[in-house]
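I have placed the structure first, in the form of structure tokens, so that the comments after it can refer back to it.
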Amino acid sequence: MYFPGKYTDTKVYDYYTDLKDYTLQLCAGIQGKDTRDRVRELEIKMLTFVKPMAFGGSHSADVRFMKTYEDACIIIQKHLNRSPKDMTVIEFLNALEDGRKSHKSKRPVRR
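Take the sequence shown: its position 13, counted from the start at 1, is 18 in the numbering used here, and no numbers get skipped.
Here you go:
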């Protein structure tokens with residue numbers, strides 16, 4: 006099944022098609038059919054869709070995560086006048102969501 010509005014890239018469509026086939030093959034395996042070779046083939050194919058993250062160097066995933074977190078803390082601090090590092094996880098996430106909503110509503114409408 007293809008929904009053009011849902012899939013903006015053919016790779017995404019291919020991934021979901023393979024995921025559907027993988028699920029059907031697993032179900033067939035549960036029913037007693039020998040689908041091990043096809044399941045293994047699909048597992049390998051689907052694993053190659055996602056590039057592994059690098060965790061070393063100045064542009065690694067953990068460094069980018071920490072920079073993004075610190076940027077979010079600064080934004081929350083400015084808008085709420087409250088230390089985000091003293092917040093619970095739920096409070097932090099709600100503050101981020103409120104910040105996104107208020108930022109979205111303040112953007113000028115393009116015509």
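Glycine is no exception: its CB is placed at the ideal position from the N, C-alpha and C atoms.
As the structure is a computational prediction, the values presented were derived from the model and not from experiment.
For R43 and Q30, I'd like the C-alpha separation in whole angstroms.
Reading the sequence shown from its first residue, position 38 is the one you call residue 43. Reading the sequence shown from its first residue, position 25 is the one you call residue 30. Using only the alpha carbons, I get a separation of about 7 Å.
Could you tell me the distance, in whole angstroms, from the CA atom of D39 to the CA atom of V94?
For the purposes of this step, residue 39 is taken as residue 34 along the sequence shown, with counting starting at 1. For the purposes of this step, residue 94 is taken as residue 89 along the sequence shown, with counting starting at 1. Cα to Cα, D39 sits roughly 46 Å from V94.
Candidates I35, Y27, M58 and G61: which alpha carbon is nearest I49's?
In the sequence shown, the residue the question calls residue 49 occupies position 44. Of I35, Y27, M58 and G61, the residue nearest in Cα terms is Y27.
With a threshold of 8 Å on Cβ separation, who are the neighbours of G34 within its own chain once the five nearest residues in sequence on each side are excluded?
As a first step, residue 34 must be located in the sequence shown, where it is residue number 29. Hits under 8 Å: T40, R41 and V44.
Counting only beta-carbon separations shorter than 8 Å, does E75 have a partner in chain C?
Protein chain content of the structure displayed is limited to a single chain, and chain C is not contained in it.
Provide the residue span of the alpha helix (DSSP H) that contains A66, from first to last.
Sequence index remark: in the sequence shown, residue 66 carries index 61 (1-based). Residues A66 to L85.
For the stretch 10–35, list the alpha helix (DSSP H) runs that are entirely contained and at least 4 residues long, ordered along the chain.
Here the runs fully enclosed are 15–35.
Between the stretch 52–67 and the stretch 77–85, do at least 3 Cβ pairs fall closer than 8 Å?
The stretch 52–67 vs the stretch 77–85: no contact.
When the Cα atoms are used, what is the spatial distance from A100 to T73?
Within the sequence shown, the letter at position 95 stands for residue 100. Within the sequence shown, the letter at position 68 stands for residue 73. Answer to the nearest angstrom: the Cα atoms are 15 Å apart.
Smallest Cα separation from L52: which of L24, C78 and I79?
Mapped onto the sequence shown, residue 52 falls at position 47. Ranking L24, C78 and I79 by Cα distance to L52 puts L24 first.
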